[in-house]
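Q: Before anything else, here's the structure in question.
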Amino acid sequence: MKLQQVSESCFAVLNEKNRVCDANSGLINRGGGVVIDTQSDLFHARRMIELFGKVWPGMPKRVINTHEDGDHVWGNQLFGGAEIIAHRTVPDRMKQVADPSETRKLLKGADRLLSRLVLGATHPGALAIAKQLRQDYDMDGVELALPTTLFDERHVLDLDDTEVHLIYVGPCHQVGDTIVHVPKEGVLFAGDVIFRECTPMGWTGTYEKWLRTLDLIIWLDPDVIVPGHGPVCGIEGAMEMKAYLEYVREESKRWFGQGLTALEASKRIDLGPYGAWRGPARLYLNVERAYREFRSEPPDAHWDAAKSFDAIYEVAKARGIEVEF
Ligand SMILES: [Zn+2]
């Protein structure tokens, strides 16, 4: 993990490995201090606090969660007494999609022979992701600390004459998606609306909303974007994300029209430059999302996570690339 200053008062802690759950965090070191997203486990959260401690003494008074996924909220509990701010949907969604006990069970299963055998036989992809997560993360002691301040469309913080704008943009990648804009310093914390040098994983939302959000970011024209995953970038990060989503939707439409399943299409779509991104087989999720839209299914249709990871595993195997999430 490394600390990077991105403007006068804005900083990022970046998880340079850039695999699944390697999320970034942000800090605005004024007006009491604001942390944006809190990492995937207590070890990483403590390391993030230590790094931010170099540029902000004491614990920040506020935390913002950009959405409900575990890799952005599992360090919340270390900010005791802080105001935790998120979109109104986030507390309920956290209980649904970021239950630490579920992930703990998955990780422990990957460690015990019998459950490993059962899991490996029925869900090779779920076993593979559990093994990968075990290399990097330890869920022991993680408890949900839910947001305490909820907002609907917009929320503005005034940090000693520097405004911070929280803009609700979901559901595009998840239900609670929020971007955090610091206009005075030309900085935008994008959460998982932008993945950089790694394949995006979208769950609940629509392509249309996601593309519109990227247009909004391009219109806001920040000098610096801190993505949810991957290195800090400029506006080109939003443009590349947009190009990827448009490409995958277009290719999915072609194969959908020819009657192929999302899994088969994911094995065939030419990855082009995106093959160099981390976790290219995660493409499956984006193809499946497109297929759901072509079939007019609701954007919040249920995902069977184990089956989805199995599909990603199968796509990687079929393409002869490393199984990596
Ligand atoms: Zn994430």
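Sequence positions in the sequence shown follow the numbering used here and run 570 to 894. Just so it is clear, CB atoms sit at the ideal spot from N, CA and C, and this is done for glycine as well. Here the structure is a predicted model, which means the values were calculated and not measured.
Starting from Ser594, trace the beta strand (DSSP E) both ways and give me its first and last residue.
A: In the sequence shown, counting from the first residue as 1, residue 594 sits at position 25. 594 to 597 is the span of the beta strand (DSSP E), which, as asked, contains Ser594.
Q: On the DSSP bridge list, what partners appear for His692?
A: Taking the sequence shown and counting its residues from 1, one reaches residue 692 at position 123. For His692, which the question treats as bridged, DSSP gives no partner whatsoever.
Q: Among the candidates Thr830, Gln827, Gly760, Tyr813, whose CA atom is the shortest distance from the CA of Gly841?
A: The residue labelled residue 841 in the question sits at position 272 within the sequence shown. For Gly841, the nearest C-alpha among the options comes from Tyr813.
Q: Given that a residue counts as buried once 16 or more other Cβ atoms are within 10 Å of its Cβ, and exposed if not, what is Asp709?
A: Counting from 1 along the sequence shown, the entry for residue 709 is found at position 140. Classification of Asp709: exposed, given that the 10 Å Cβ count is below 16.
Q: For His871, count neighbouring Cβ atoms within 10 angstroms of its own Cβ and tell me buried if that reaches 16, exposed if not.
A: For this step, residue 871 is matched to residue 302 along the sequence shown. Per the 10 Å Cβ criterion, exposed.
Q: In its own chain, which residues sit with a C-beta less than 8 angstroms from the C-beta of Leu688, not counting the 5 before and 5 after it?
A: Against the sequence shown, residue 688 aligns to sequence position 119. Same-chain partners within the cutoff: Gly678, Ala679, Ala695, Leu696, Ala699.
Q: Does the stretch 589 to 605 touch the stretch 787 to 802, meaning 3 or more C-beta pairs lie closer than 8 angstroms?
A: A contact between stretches requires three or more CB pairs, one per stretch, nearer than 8 angstroms, and the stretch 787 to 802 meets this requirement with the stretch 589 to 605.
Q: From this set, Ser670, Gly806, Tyr853, which residue's C-alpha is nearest Arg818's C-alpha?
A: Position 249 of the sequence shown, counting from 1, holds the residue named residue 818. Of Ser670, Gly806, Tyr853, the residue nearest in Cα terms is Tyr853.
Q: So Arg599 packs on Leu783, CB below 8 angstroms; how close in whole Å?
A: Within the sequence shown, numbered from 1, the residue matching residue 599 stands at position 30. Within the sequence shown, numbered from 1, the residue matching residue 783 stands at position 214. Taking the Cβ atoms as the reference, Arg599 lies roughly 28 angstroms from Leu783, outside the contact range of under 8 angstroms.
Q: With DSSP as the reference, please indicate the residues paired to Pro752 in a beta bridge.
A: To locate residue 752, count along the sequence shown from 1; it is residue 183. DSSP lists no partner for Pro752.
Q: Name the two residues that bound the continuous alpha helix (DSSP H) containing Ala831.
A: Position 262 of the sequence shown, counting from 1, holds the residue named residue 831. Taken as a continuous stretch (DSSP letters only), the alpha helix (DSSP H) holding Ala831 covers 831 to 837.
Q: Cβ of Leu572 within 8 angstroms of Cβ of Lys623?
A: As a first step, residue 572 must be located in the sequence shown, where it is residue number 3. As a first step, residue 623 must be located in the sequence shown, where it is residue number 54. A contact, by the Cβ cut-off of 8 angstroms.
Q: Tell me whether Asp638 is buried or exposed, calling it buried when 16 or more other Cβ atoms sit within 10 Å of its Cβ.
A: One-based indexing of the sequence shown puts residue 638 at position 69. By the neighbour-count rule (16 or more Cβ atoms within 10 Å), Asp638 is buried.
Q: Following the continuous alpha helix (DSSP H) through Asp727, name the residue where it begins and the one where it ends.
A: For this step, residue 727 is matched to residue 158 along the sequence shown. Counting along the chain, Asp727 falls outside any alpha helix (DSSP H), though it belongs to the beta strand (DSSP E) covering 723 to 728.
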